[in-house]
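**Student:** Have a look at the structure that comes next, please.
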Amino acid sequence: MSIEELYRDVILDHNRNPRNRGTLEHPDAHAEGINPLCGDELQLDLRLDGDRIVAVAILGQGCSISQSSASMMSQAIKGKTLDEVGDLISTFKAMMDIETDPARAGLDPDRPGALLGDLEALQGVRKFPVRIKCANLAWTTLAEALQGRR
Amino acid sequence: MIDFSHLKPDFPVLQRRVHGKPLVFLDSAASSQKPAQVLDVMDTVYRTSYANVHRGAYLLSEESTTAYEEARGKVARFVNAGSRSEVVFTRGATTALNTVAFGWGMDHLQAGDRILLTMMEHHANIVPWQLVARRTGAELAYLPMTGDYRLDLDRLPEYLDDRVKIFSFTGMSNVTGTMPPVAELARTARAAGALVVVDAAQLVTHAPVDVQKLEADAIVFSGHKMLGPTGIGALWARPSLLEAMEPFEGGGEMISDVRLDGSTWAPVPHKFEAGTPPIVEAIGLGAAADYLEKTGMEEVRRHGRELTGYALGRLAELPAVRVFGPADLDRRGGVISFTLGNIHAHDVATILDQEGVSVRAGHHCAKPLTRALGVPATVRASFQVYNTEEDVDALLAGLRKVQEVFHVD
Chain H
1 MSIEELYRDV
11 ILDHNRNPRN
21 RGTLEHPDAH
31 AEGINPLCGD
41 ELQLDLRLDG
51 DRIVAVAILG
61 QGCSISQSSA
71 SMMSQAIKGK
81 TLDEVGDLIS
91 TFKAMMDIET
101 DPARAGLDPD
111 RPGALLGDLE
121 ALQGVRKFPV
131 RIKCANLAWT
141 TLAEALQGRR
Chain E
151 MIDFSHLKPD
161 FPVLQRRVHG
171 KPLVFLDSAA
181 SSQKPAQVLD
191 VMDTVYRTSY
201 ANVHRGAYLL
211 SEESTTAYEE
221 ARGKVARFVN
231 AGSRSEVVFT
241 RGATTALNTV
251 AFGWGMDHLQ
261 AGDRILLTMM
271 EHHANIVPWQ
281 LVARRTGAEL
291 AYLPMTGDYR
301 LDLDRLPEYL
311 DDRVKIFSFT
321 GMSNVTGTMP
331 PVAELARTAR
341 AAGALVVVDA
351 AQLVTHAPVD
361 VQKLEADAIV
371 FSGHKMLGPT
381 GIGALWARPS
391 LLEAMEPFEG
401 GGEMISDVRL
411 DGSTWAPVPH
421 KFEAGTPPIV
431 EAIGLGAAAD
441 YLEKTGMEEV
451 RRHGRELTGY
461 ALGRLAELPA
471 VRVFGPADLD
481 RRGGVISFTL
491 GNIHAHDVAT
501 ILDQEGVSVR
511 AGHHCAKPLT
521 RALGVPATVR
531 ASFQVYNTEE
541 DVDALLAGLR
551 KVQEVFHVD
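Sequences listed follow chains H and E, in order.
Note that our numbering has the first sequence beginning at 1, numbered continuously upward.
Note that our numbering has the second sequence beginning at 151, numbered continuously upward.
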């Protein structure tokens, strides 16, 4: 297990240049996430058109894993319906769940992140259990934002 | 440099490798490793003479009781207490601070009173006072820090007005390594009529602590940061303060008599030790105090001072490193917080770990302080008697590796 498996170029790139950074005026959904142990912070704004996410804005500070996960997430959910986003959240959480066999969650055991595009780069975090909560922060915040809307 | 290399083999865990590399343990400010001298004593008690203390009229209980009370004597000697009854065993520094905050504060503080703390405190020396302030109506004030990471002594008189009933401050910051002039602060505060409590959790393992010279009313510390086990620590206090304090916890062993309509307390220190205490941990703490005393706390201080100087010099080789702490080695100990360019502390810690180097990353349970430093998190390297210049060299090599992974210099 090499450190480069964790710090893939795509992660470093999203960390350096986070996408969809900022805030939205009068967002349709909003949530703030904090990782009290690390101090990673995130706030997420969503704009919806019907059941489709049409704009995402994220502000935050934290480690490269938490910030790149948020940045990649913002790209992945933009333009998707709430159902599609719900599936994406489940697939991401399943990829990060080291307690459960990926096959049981319907994922490829060798490439549990295969369905996730760029986000597959975060698969390496599975081998660094203490960092999984960093990768999950944006997704937990997203789930909270969507729940708060309902 | 003072040579402590003969001590390293005393610590069995330091023989191991992590991620294929020799372990370089630089997180002793969070919790230190334990020498065989402590582990063996604890193991022997469990195997040969374990029983509950202050209860049974049989040999094993007598032996346990004697060892437990002897450990109290060792801890008392370690901080030069007037007598062993001035030392209360607690679960750690946190419980000791809560014992004073609640045991003294609930009966002696009221609306309009002030509790003075500083900007450098660990959460353990903030939150108990906040809890007591909320219940009593007392207010909190915080002595500020200077730009060079010292407590602002010039402003102390302004903060020590007659509303201040208690001043509780750290003897050594677990973030910046700052060692305030404890005796000077204590003298000034006591002259102003305040009770003085010193959080010595870091200080006690980095420098000699003599309660006859500190001029404080109480000091607290934990066993696990001073080569002892977890679950045990101590409160030292002047006898008059211990008498004035109510027990923080009630239960067995802390009573003199229990009747249905009320109870009376056992004499100090036992009135503060409700329930079966962590007997073997206390004996382990006694062994840790012996180990440090045998090593010599003056030498421990010299070693820490020299190693800190060496580390600060080597860190200065990397322009991206920013250290948050005093440069003056006389005013600081072996706890160094820093950042490495824009790379987040957790990323630094993960990569260092792959190189075998264990450091802490985060806010170090001192969020008001890290907020004042203006950073979300720092990397912290901290030293113990078993650390060497080679450990610092491994840290530097690791930091270069971090920069390589992040493609920066």
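Every residue, glycine too, gets a C-beta built ideally from N, C-alpha and C.
Note that the structure is a prediction, hence the values are computed from the model and not measured.
1) For E:I265 and H:N17, I'd like the C-alpha separation in whole angstroms.
2) For E:G412, which beta-bridge partners are listed by DSSP?
3) On a CA-only basis, which of E:Y196, E:S508, E:L549 and E:H169 is nearest E:A466? Give me that one, please.
4) E:P417 CB to nearest chain H CB: under 9 Å?
5) Listed from N- to C-terminal order along the chain, which residues in the region 519 to 547 of chain E have their beta-carbon within a distance smaller than 9 Å of any beta-carbon of chain H?
6) Look at H:V155 and H:D45 and say whether their C-beta atoms are less than 9 Å apart.
7) With 16 as the cutoff for other CB atoms within 10 Å, does E:V430 come out buried or exposed?
8) Between the Cα of E:A180 and those of E:Q352, E:V203 and E:T245, spot the shortest distance and give me the residue it belongs to.
9) List the DSSP bridge partners of E:P331.
10) In the DSSP assignment, the beta strand (DSSP E) including H:H30 goes from what residue to what residue?
11) Would a check of beta-carbon distances place E:G512 closer than 9 Å to chain H?
12) Given E:R464, which residues of its chain have a CB within under 6 Å of its CB, disregarding the five upstream and five downstream residues?
13) Run through chain E and tell me which residues come within less than 7 Å of H:E5, C-beta to C-beta.
14) Name the two residues that bound the continuous beta strand (DSSP E) containing H:D40.
15) Taking the straight line between their C-alpha atoms, what separation do you get for E:L164 and H:H26?
16) When DSSP builds the beta bridges, which residues end up paired with H:I53?
17) Within its chain, find whatever has a CB closer than 7 Å to the CB of E:R451; leave out the 5 residues flanking it on each side and keep chain order.
18) What is the DSSP secondary structure of E:Y208, reduced to helix, strand or coil?
19) In the structure shown, what three-state DSSP assignment does E:R240 receive?
20) Tell me, please, which residues DSSP counts as bridged to E:S487.
21) Answer with yes or no whether the minimum CB distance from E:D559 to chain H is below 9 Å.
22) Restricting to Cα atoms, I'd like to know which of E:E236, E:Q183, E:L364 and E:V168 is closest to E:G378.
23) From E:F175 to E:V314, what distance separates their C-alpha atoms?
24) Grab me the residues of H:T140's own chain with a C-beta within less than 8 Å of its C-beta, minus the 5 sequence neighbours each way, in chain order.
25) Candidates E:H496, E:T198 and E:Y460: which alpha carbon is nearest H:C38's?
26) For chain H, is any of its Cβ atoms less than 9 Å away from the one on E:R555?
27) Output the boundary residues of the alpha helix (DSSP H) element that contains E:T268.
28) Does the beta carbon of H:S64 come closer than 9 Å to any beta carbon on chain E?
29) Using a C-beta to C-beta distance shorter than 9 Å, which residues of chain H count as neighbours of E:T500?
30) Comparing C-alpha positions only, which one of E:H204, E:G475 and E:A527 sits nearest to E:Y299?
31) At 3 residues or longer, and completely inside the region 346 to 430 of chain E: list those beta strand (DSSP E) runs for me, N to C.
32) Within the region 446 to 530 of chain E, note down every full beta strand (DSSP E) run reaching 3 residues or more, in order along the chain.
33) Examine chain H for any beta-carbon lying closer than 9 Å to the beta-carbon of E:D497, and answer yes or no.
34) Name the one or two DSSP bridge partners that E:K171 has.
35) Which same chain residues end up closer than 6 Å to H:G217 when comparing Cβ atoms and leaving out the 5 residues on each side of it in sequence?
36) With the cut-off set at 9 Å, would you say E:F488 and E:V238 are in Cβ contact?
**Tutor:** Concretely, from the data shown:
1) Taking the straight line from one Cα to the other gives about 45 Å.
2) Beta-bridge pairing links E:G412 to E:R409.
3) The shortest C-alpha separation from E:A466 is found at E:L549.
4) Using a Cβ-Cβ cut-off of 9 Å, E:P417 does not count as an interface residue toward chain H, since no Cβ of chain H sits closer than that to its own.
5) From the region 519 to 547 of chain E, only T520, P526 and A527 have a Cβ closer than 9 Å to chain H.
6) Because chain H spans 1 through 150 in this model, residue 155 of chain H falls outside it and cannot be assessed.
7) By the Cβ neighbour-count rule, E:V430 is buried, with 16 or more other Cβ atoms within 10 Å of its own.
8) Answer by Cα proximity: E:Q352.
9) Beta-bridge pairing links E:P331 to no other residue.
10) Here the beta strand (DSSP E) through H:H30 covers A29 to N35.
11) For E:G512, a Cβ of chain H is located within less than 9 Å of the residue's own Cβ.
12) Closer than 6 Å at the Cβ level, and outside the excluded window around E:R464, lie V542 and L546.
13) Those do not exist, as H:E5 stays about 10 Å from chain E at its closest Cβ, beyond 7 Å.
14) D40 to D49 is the span of the beta strand (DSSP E), which, as asked, contains H:D40.
15) Approximately 56 Å between the Cα atoms of the pair.
16) Secondary-structure assignment with DSSP links H:I53 through a beta bridge to H:L48.
17) Closer than 7 Å at Cβ, skipping near neighbours: H356, A357 and P358.
18) Three-state result, E:Y208: coil.
19) Checking the sequence shown, residue 240 of chain E turns out to be Thr, not Arg. Correct three-state label for E:T240: strand.
20) In the DSSP assignment, the residues bridged to E:S487 are E:R530.
21) E:D559 does not count as touching chain H.
22) Minimum Cα distance to E:G378 is reached at E:Q183.
23) The straight-line gap from Cα to Cα measures roughly 41 Å.
24) Scanning its chain for C-beta atoms nearer than 8 Å, with the 5 sequence neighbours on each side dropped, one finds around H:T140 the residues G33, in chain order.
25) Measuring from the Cα of H:C38, the nearest candidate turns out to be E:H496.
26) The question names Arg, but residue 555 of chain E is Val in the sequence shown. Interface residue, yes.
27) Per DSSP, E:T268 belongs to no alpha helix (DSSP H); it is in the beta strand (DSSP E), R264 to T268.
28) Closer than 9 Å to some Cβ of chain E, the Cβ of H:S64 qualifies, so yes.
29) The contacting residues are I3, L6, Y7, C63, I65, F128, V130 and R131.
30) Sorting E:H204, E:G475 and E:A527 by C-alpha distance to the C-alpha of E:Y299 places E:G475 at the top.
31) You should have 368 to 372, 383 to 387, 405 to 409 and 412 to 415.
32) Taken in chain order, the complete beta strand (DSSP E) segments of 3 or more residues contained in the region 446 to 530 of chain E are 471 to 473, 485 to 490 and 510 to 512.
33) Yes, contact with chain H.
34) As a beta-bridge residue in DSSP terms, E:K171 pairs with E:V168.
35) Summary: the structure shown does not reach residue 217 of chain H, with chain H confined to residues 1 through 150, and so no result is reported for it.
36) Against a cut-off of 9 Å, the Cβ pair of E:V238 and E:F488 comes out as no contact.
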